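**Student:** Would you mind keeping the following structure in view while I ask a few things?
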Amino acid sequence: MIAIGSDHAGYELKKEIIDYLTRKGYEVKDFGTDSRETSVDYPDFGLLVAKSIQRGEYEKGIIICGTGIGISISANKVPGIRAALCTNCYMARMSREHNDSNVLALGSRVLGVDLALDIVDTWLKTGFKMDNHQRHKKRVDKIAEIEMKYLKTNAGE
Ligand code: RB5
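Next up, the structure:
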């Protein structure tokens, strides 16, 4: 099951992605927003998706705003979240193979629908690359170490 969320700017692309994933047999939990007419704040929706992943309710999430920048920055503030803003399939593949990204961020004002759906496909089908020397795991572990170092309180809900 995939968690998804967007602000108003990402709403239309989010609908396309939900339709696409549903047709492909995925279950999708939509954390809002629910219209493109009402202006909302992207951190609120980045946080809802990120928290659901952090709690282990969903394994992966997709977040969308106009550029993908604000909502990815927001989601990445939640410990354990590795949100990757991807503008092409190579980035999507690398973000899974090398960074073990658990959230995909997209910019609805940057990408056409077909490219966005290709990116989603690539991201979902690519696994984290476990090489003999565990190079990538070591680096991802270092990201977690940085989080731990700066996490002064466990104030997140
Ligand atoms: C909303 O106008 C826009 O600022 C937002 O969707 C996003 O692009 C921010 O990073």
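The numbering of the sequence shown is this note's numbering, which starts it at 3 and goes up by one.
Note that CB positions come from ideal geometry on N, CA and C, so glycine has one too.
This one's a predicted model, so the numbers in the text were calculated from it and none came from an experiment.
1. Can you tell me whether T24 is buried or exposed? The criterion is at least 16 other CB atoms within 10 Å of its CB, across all chains shown.
2. Quick check on the DSSP output: the alpha helix (DSSP H) that includes L119 runs from which residue to which?
3. Run through the stretch 69-112 for me and flag every whole alpha helix (DSSP H) of 4 or more residues, listed as ranges in chain order.
4. Beta carbon of D32: closer than 7 Å to some heavy atom of the ligand RB5?
5. Taking only the alpha-carbon atoms, compute the straight-line gap between L106 and E61 and give it to the nearest angstrom.
6. What is the DSSP secondary structure of K131, reduced to helix, strand or coil?
7. Using a Cβ-Cβ distance under 8 Å, would C88 count as near chain C?
8. Is I19 a contact residue of the ligand RB5, with contact defined as CB to any heavy atom under 7 Å?
9. Below 8 Å, can you find three or more Cβ-Cβ pairs linking the stretch 133-152 to the stretch 109-120?
10. Can you tell me whether DSSP reads K26 as helix, strand or coil?
11. Pick helix, strand or coil for S8, following the three-state DSSP scheme.
**Tutor:** By the coordinates alone:
1. exposed
2. V115 to K127
3. 71-77 and 91-99
4. no
5. 12 Å
6. coil
7. Looking at the structure shown, chain C is missing, and only one protein chain is on hand.
8. no
9. no
10. coil
11. strand
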